[in-house]
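Enquirer:
Below, the structure written as structure tokens:
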């Protein structure tokens with residue numbers, strides 16, 4: 033600690049040894065004043081805690097010039113868990129401790145929680161809603177003096193500006209205790225049954241239709257919830273393999289509206305949407321299953337047929353004559369087992385060929401390819417559109433090319449999944465020959 037004397041600070045002094053035990057960490061101090069007491073909350077992995085990093089506290093008289101604090105006390109099992117509890121912040125106005133934990137139930141990594149009380153007496157800890165929390169780490173929550181906003185630190189993804197979780201950023205927020213939120217159920221449109229394991233992405237729609245990804249999660253129990261901000265335009269996109277992406281747009285511009293928005297989302301099985309947009313393709317689980325009847329392109333409506341290739345039948349180039357053969361599956365074959373025989377397909381493509389290793393990202397397979405279809409508008413600026421036409425089947429693979437590092441291709445495949453193509457994958461080429469996916 034150091035003290036202000038005149039226009040300067042005193043020389044920093046280390047607190048007593050009983051505050052920090054030898055060989056243990058003591059970090060992230062936060063000091064608050066309640067009545068005539070100064071309370072120091074801090075984080076340590078000293079003996080006597082609940083496990084991992086715990087929040088502890090120590091006190092002294094607020095007007096004391098004595099350097100000594102009381103013996104540290106653990107904040108108790110309501111706050112601390114066998115996991116890690118870090119970055120304590122105490123709001124005196126609310127009499128509430130904010131902290132982050134990976135030991136309480138979370139949406140991923142460290143989440144921000146709050147608990148009303150003081151010292152070792154607390155009400156049950158409550159996790160803050162999204163967008164305060166994300167599937168990444170969220171911590172150092174801190175409100176400003178006016179109580180109208182604040183800051184937090186997170187390594188979350190942030191639209192196309194940040195596509196990896198390897199770095200921490202500071203985020204600002206406003207009106208944290210009165211934010212609206214959206215919630216709803218996820219339904220199978222045909223069967224009217226709750227759908228589980230659905231990915232829902234929340235976008236903010238900016239000027240001129242530009243969108244910014246705010247949060248995306250896979251909701252396992254058939255319902256979703258996101259925190260919002262007032263006076264914003266939003267878009268929800270729900271995706272699940274084998275179903276068409278479902279989109280709902282709404283805004284929070286009405287000050288008289290309720291604080292919560294109930295927006296159930298229905299997903300339709302893959303096929304041709306009534307609007308003419310391409311629905312998410314169905315990848316057959318067995319080669320013995322019959323593909324749907326093909327359909328030619330309708331130039332007036334730019335419709336695309338929903339027939340698609342099996343994952344097992346995604347081909348690999350095997351000769352310089354653009355003839356492909358399907359790869360074996362991932363199951364290891366015994367040495368004595370005969371090698372399976374696969375049917376060869378003639379594949380035509382006008383894509384340029386390069387020497388050495390390079391990559392493409394395949395994001396859909398269609399029948400009746402029409403380059404002008406508006407479904408491709410959202411990916412045209414991501415790379416060159418390539419096609420590979422399988423003559424015998426009448427299928428057209430659609431890919432984005434070319435990428436000369438797997439990292440670059442991986443980033444694009446993740447981006448395409450967020451844009452409504454959840455089965456986008458990387459394809460490797462060597463000297464113009466397709467090798468793998």
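Residue numbers (my numbering): 33 to 469.
Yeah, the Cβ is synthetic: ideal placement off N, Cα and C, and Gly gets one too.
Only a predicted model underlies this, so the values are computations on that prediction, with no experimental measurement involved.
(1) What three-state label does DSSP hand residue 101 in the structure shown?
(2) Within 10 angstroms of its Cβ, does residue 114 collect 16 or more other Cβ (buried), or is it exposed?
(3) To the nearest whole angstrom, what separates the beta carbons of residue 127 and residue 215, a pair I think is in contact under 8 Å?
(4) Just verifying my parser: in three-state terms, what is the DSSP assignment at residue 163?
(5) In whole angstroms, what separates the C-alpha of residue 308 from that of residue 270?
(6) Count Cβ pairs between the region 57-70 and the region 84-93 that sit closer than 8 Å; are there 3 or more?
(7) Between which two residues does the alpha helix (DSSP H) carrying residue 441 extend?
(8) Tell me, to the nearest whole angstrom, how far the beta carbon of residue 222 is from that of residue 300; I am working on the premise that it is less than 8 Å.
(9) Name, in chain order, the residues that DSSP records as bridge partners for residue 202.
(10) Is residue 118 helix, strand or coil by DSSP?
(11) Give the range of the beta strand (DSSP E) segment to which residue 249 is assigned.
(12) To the nearest angstrom, how far is the alpha carbon of residue 441 from that of residue 461?
(13) Give the DSSP-derived three-state secondary structure of residue 67 in the structure shown.
(14) Among the candidates 275, 296, 266, 77, whose CA atom is the shortest distance from the CA of residue 284?
(15) Between the region 170-181 and the region 226-246, do at least 3 Cβ pairs fall closer than 8 Å?
(16) Would the C-beta of residue 457 count as close to the ligand FMN, meaning under 7 Å from any of its heavy atoms?
(17) Tell me whether the beta-carbon of residue 56 lies closer than 8 Å to the beta-carbon of residue 78.
(18) Do you know how far the Cα of residue 249 is from the Cα of residue 171?
(19) Which residue or residues does DSSP assign as beta-bridge partners of residue 174?
(20) Hey, could you find the ends of the beta strand (DSSP E) residue 151 is sitting in?
(21) Quick check on residue 105: buried or exposed, where buried means 16 or more other Cβ atoms within 10 Å of its Cβ?
(22) Can you round the beta-carbon distance between residue 390 and residue 434 to whole angstroms, since I take them to be within the 8 Å contact cut?
(23) Indicate whether the contact test is met: 3 or more Cβ pairs, each with one atom in the region 159-168 and one in the region 399-418, closer than 8 Å.
(24) From the DSSP output, in three-state form, read off residue 277 for me.
(25) Whose C-beta lies closer than 8 Å to the C-beta of residue 102 among residues of the same chain, with five residues either side of it excluded?
(26) Note down, in chain order, each residue of its chain lying with its Cβ closer than 6 Å to the Cβ of residue 59, except the 5 sequence neighbours on either side.
(27) Near residue 253, which residues of its chain fall below 7 Å by C-beta distance, leaving aside the five closest residues on each side in sequence?
(28) Counting C-beta neighbours from all protein chains within 10 Å, is the total for residue 272 16 or more, i.e. buried, or is it exposed?
(29) Please go through the same chain and pick out, in chain order, the residues whose beta-carbon is closer than 8 Å to the beta-carbon of residue 450, but skip the five residues on each side of it.
(30) Would you mind giving the Cβ-Cβ distance between residue 169 and residue 135, rounded to the nearest angstrom? I have them listed as a contact below 8 Å.
(31) What would DSSP say about residue 456, mapped onto helix, strand or coil?
(32) With a 10 Å radius around its C-beta and 16 neighbouring C-beta atoms as the bar for buried, classify residue 466 as buried or exposed.
(33) Tell me, which residues are paired with residue 255 by DSSP?
(34) Rounded to whole angstroms, how far is the Cβ of residue 213 from the Cβ of residue 258, which I believe are closer than 8 Å?
(35) Under three-state DSSP, which class holds residue 51?
(36) Assuming the contact rule is C-beta atoms closer than 8 Å, residue 117 and residue 131 should be a hit. Round their C-beta distance to whole Å, please.
Expert: With the structure as the only source:
(1) Three-state result, residue 101: coil.
(2) That one is exposed.
(3) Not quite, the Cβ-Cβ distance comes to about 28 Å (not below 8 Å), so this is no contact.
(4) Looking at residue 163 - three-state DSSP - the assignment turns out to be coil, as it is neither helix nor strand.
(5) Reliability fails at residue 308, whose pLDDT of 37 lies under 50, so the model's placement of it is uncertain and the value that follows must be treated cautiously. Distance from the CA of residue 308 to the CA of residue 270, rounded to the nearest whole angstrom, comes to 18 Å.
(6) Look at the beta carbons and you see the region 57-70 touching the region 84-93: at least three pairs across the two are nearer than 8 Å.
(7) Counting along the chain, the alpha helix (DSSP H) containing residue 441 begins and ends at 438-450.
(8) Confirmed, Cβ separation roughly 7 Å.
(9) In DSSP, residue 202 forms a bridge with 185.
(10) Of the three classes helix, strand and coil, the one that applies to residue 118 here is strand, per DSSP.
(11) That run of the beta strand (DSSP E) goes 243-251.
(12) Residue 441 and residue 461: Cα-Cα distance of roughly 12 Å.
(13) The three-state secondary structure of residue 67, taken from DSSP, is coil.
(14) Nearest option by C-alpha distance: 266.
(15) Contact between the region 170-181 and the region 226-246 is absent, with fewer than three C-beta pairs closer than 8 Å.
(16) For the ligand FMN, the structure offers nothing, since it holds no ligand at all.
(17) With respect to residue 78, residue 56 sits close: the two C-beta atoms are nearer than 8 Å.
(18) Taking the straight line joining both Cα atoms gives about 19 Å.
(19) For residue 174, DSSP records a beta bridge to 183.
(20) Taken as a continuous stretch (DSSP letters only), residue 151 belongs to no beta strand (DSSP E), as it is neither H nor E.
(21) Note on residue 105: under 16 other CB atoms within 10 angstroms of its CB, so exposed under the neighbour-count rule.
(22) Yes, residue 390 and residue 434 are in contact; Cβ-Cβ is about 5 Å, under 8 Å.
(23) Not touching, per the Cβ criterion.
(24) Residue state, collapsed to three classes: coil.
(25) Taking residue 102 as the centre and dropping the five residues before and after it, the same chain places the C-beta of 90, 91, 92 closer than 8 Å to its C-beta, in chain order.
(26) Closer than 6 Å at the Cβ level, and outside the excluded window around residue 59, lie 75.
(27) Excluding residues within five positions, the ones whose Cβ falls inside 7 Å are 228.
(28) Buried: at least 16 other Cβ atoms inside 10 Å.
(29) So the qualifying residues of the chain are 233, 245, 248.
(30) About 13 Å; that fails the 8 Å criterion.
(31) Coil, per DSSP.
(32) Around the C-beta of residue 466, 16 or more other C-beta atoms lie within 10 Å, and the residue is accordingly described as buried.
(33) Note: residue 255 sits in a beta bridge opposite 217.
(34) 6 Å between Cβ atoms; contact.
(35) Coil, per DSSP.
(36) Between residue 131 and residue 117 the Cβ distance is about 6 Å, and since that is below 8 Å, they are a contact.
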